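Going by the working numbering, the sequence shown opens with residue 26, and the numbers climb by one from there. Think of the CB as a built atom: it goes at the ideal place given N, C-alpha and C, for glycine as much as any other residue. As the structure is a computational prediction, the values presented were derived from the model and not from experiment. Only one structure is covered here, and it is reproduced in the block below.
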Amino acid sequence: MDIKEYFARISYRGSHDKPDLETLTEIFQHHIRAVPFENLSIHCGESIELDLAATFDKIVRKKRGGWCMENNHLLSWALKTLGYNVTLLGAKVYVPEHDAYADDIDHLLLKVVLCDKPYIVDGGFGMAYQIWQPMELTSGKDQPQIPGTFRFLEENGTWYLEKVKRKQYVPNPSNSAAHNVDKEVCRRVYLFTLQPRDIEEFRARNLHLQTAPDSLFVTKSICSLQTTDGVRALVGWKLTEIKYNYKDNMDLVEIRILADEEMEKTLKEKFNITLDKKFVPINTSRLSLF
């Protein structure tokens, strides 16, 4: 594994001699705009492995994306290679339809310490709840970013991430019957503790999420990528493109339903993904990703 190959994959040409916040932010933003959050392997008859060399080969050499356990594992390797102090953490994602957090840890994120100050770096959440900058690990402080305002709340050693949502303008609402354009002002994202984790602790959950019949990732094919001013996502046959804060604290949400024959071209043009095996889109879950 070569850090120069990783930099080429994310189109990063900046300096990396000093492991500081500015460099961290630049690398992080290049990563989330180059590497999709996606689970397409599940819907191509492939398995998702947590071996770092396999992840490097998939994301860097084959120009694929991955889910949190792949994206953040690779990102942690890159940051450690550059001299950053990185710790793996585990989170439980909030499921709004159940108004509850997952029973088990199902998300991998990173803590990075700079000059004795901790930050949360998470390049593997995707969709509209992907943070765009490292977040100070401070409770109760609003941290405005282009996607919206994020904040942490801490309670008895448990940390909660939430995002303040903007209003959404959907010019073609006929395509958004299953799209969550609701009135919620704030969305809980996940909870976590600061207990250090090892990648081995995620192996059982990694297998469960790609095989359990009721897993979100089995019932939905997902591919999302952050852009310079928003996010685009292909869930099943629905392509959603969001432009953040396009006017009056409102996000523009454009939705299109694709035909099967448009899939390959869309994945290439919108996400820079070319699949080796036959992709079978699916969206049978009512769980909202927006």
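Would you decide whether residue 110 is buried or exposed? Buried here means 16 or more other CB atoms lie within 10 Å of its CB.
The sequence position of residue 110 within the sequence shown is 85, counting from 1. Flag for residue 110 reads exposed.
Is the beta carbon of residue 247 less than 8 angstroms from the beta carbon of residue 63?
Locating residue 247 in the sequence shown gives position 222, counting from the first residue. Locating residue 63 in the sequence shown gives position 38, counting from the first residue. Result yes, Cβ atoms of residue 247 and residue 63 sit closer than 8 angstroms.
Cβ-based burial, residue 272 [other Cβ within 10 Å; buried from 16]:
Here residue 272 is taken as the residue at index 247 of the sequence shown, counted from 1. Residue 272 is exposed by the Cβ-count criterion.
For the beta strand (DSSP E) holding residue 249, just list the boundary residues, first then last.
In the sequence shown, the residue the question calls residue 249 occupies position 224. Taken as a continuous stretch (DSSP letters only), the beta strand (DSSP E) holding residue 249 covers 247 to 251.
For residue 130 and residue 230, the rounded distance between their alpha carbons:
Counting from 1 along the sequence shown, the entry for residue 230 is found at position 205. Counting from 1 along the sequence shown, the entry for residue 130 is found at position 105. The straight-line gap from Cα to Cα measures roughly 8 angstroms.
Answer yes or no: do residue 162 and residue 135 have a C-beta to C-beta separation smaller than 8 angstroms?
Translated into the one-based positions of the sequence shown, residue 162 becomes position 137. Translated into the one-based positions of the sequence shown, residue 135 becomes position 110. Not in contact: residue 162 and residue 135 (Cβ atoms no closer than 8 angstroms).
For residue 217, report the span of its beta strand (DSSP E) as first-last.
Within the sequence shown, numbered from 1, the residue matching residue 217 stands at position 192. Where residue 217 is concerned, the enclosing beta strand (DSSP E) stretches over 211 to 217.
Looking at C-beta atoms only, is the number of pairs between the region 267 to 285 and the region 180 to 195 that lie closer than 8 angstroms three or more?
yes
Stretch pair the region 62 to 77 + the region 240 to 259: three plus CB contacts closer than 8 angstroms
yes
Quick check: the Cα distance between residue 310 and residue 241, rounded to an integer number of angstroms?
The sequence position of residue 310 within the sequence shown is 285, counting from 1. The sequence position of residue 241 within the sequence shown is 216, counting from 1. Approximately 7 angstroms, taken between the alpha carbons.
I'd like the span of the alpha helix (DSSP H) that includes residue 102, first residue to last.
Indexing the sequence shown from 1 puts residue 102 at position 77. Its alpha helix (DSSP H) spans residues 93 to 106.
Assuming the contact rule is C-beta atoms closer than 8 angstroms, residue 282 and residue 263 should be a hit. Round their C-beta distance to whole Å, please.
Start at 1 with the first residue of the sequence shown, and residue 282 comes out as number 257. Start at 1 with the first residue of the sequence shown, and residue 263 comes out as number 238. Contact flag correct, Cβ pair sits at about 6 angstroms.
Cβ-based neighbour list, residue 158, same chain, cut-off 6 angstroms, excluding 5 preceding and 5 following:
Here residue 158 refers to the residue found at position 133 of the sequence shown. Same-chain partners within the cutoff: 50, 170.
Using three-state DSSP, classify residue 206 as helix, strand or coil.
Counted from its first residue, the sequence shown places residue 206 at position 181. The predicted model places residue 206 with a pLDDT of 49, which falls under 50 and marks its position as unreliable, so this point remains unresolved.
For the putative contact between residue 116 and residue 227, defined by C-beta atoms under 8 angstroms, what is the C-beta separation to the nearest angstrom?
On the sequence shown, residue 116 is found 91 positions in, with the first residue counted as 1. On the sequence shown, residue 227 is found 202 positions in, with the first residue counted as 1. In fact, because the Cβ distance is near 11 angstroms, the residues do not count as touching under 8 angstroms.
Contacts around residue 26, its chain only, beta-carbon distance under 6 angstroms, and the 5 residues preceding and following it disregarded:
The residue labelled residue 26 in the question sits at position 1 within the sequence shown. Excluding sequence neighbours, residue 26 sits near 81.
Sub-8 angstroms separation of residue 213 and residue 119 beta-carbons
For the purposes of this step, residue 213 is identified with residue 188 of the sequence shown, where counting begins at 1. For the purposes of this step, residue 119 is identified with residue 94 of the sequence shown, where counting begins at 1. A contact, by the Cβ cut-off of 8 angstroms.
One question on the structure: do residue 314 and residue 122 come within less than 8 angstroms of each other, judged by their Cβ atoms?
Numbered from 1 along the sequence shown, position 289 holds the residue referred to as residue 314. Numbered from 1 along the sequence shown, position 97 holds the residue referred to as residue 122. No; because the gap between Cβ atoms is not below 8 angstroms, this pair is not in contact.
Contact check, residue 318 vs residue 102, beta carbons under 8 angstroms:
The structure shown does not extend to residue 318, since the chain is modelled only from 26 through 315, so no value can be given for it.
How many Å lie between residue 95 and residue 67 at the Cα?
Locating residue 95 in the sequence shown gives position 70, counting from the first residue. Locating residue 67 in the sequence shown gives position 42, counting from the first residue. Going from the Cα of residue 95 to the Cα of residue 67 covers about 14 angstroms.
Endpoints, the beta strand (DSSP E) within which residue 270 is located:
Residue numbering aside, residue 270 sits at position 245 when the sequence shown is read from its first letter. 263 to 272 is the span of the beta strand (DSSP E), which, as asked, contains residue 270.
Any alpha helix (DSSP H) of 4 or more consecutive residues that is wholly inside the region 140 to 179
none
Only counting the same chain, and skipping five residues up and downstream in sequence, which positions put a Cβ closer than 6 angstroms to that of residue 203?
As a working note, residue 203 is residue 178 in the sequence shown. Note on residue 203: pLDDT 46, under 50, position unreliable in the model; no value is reported.
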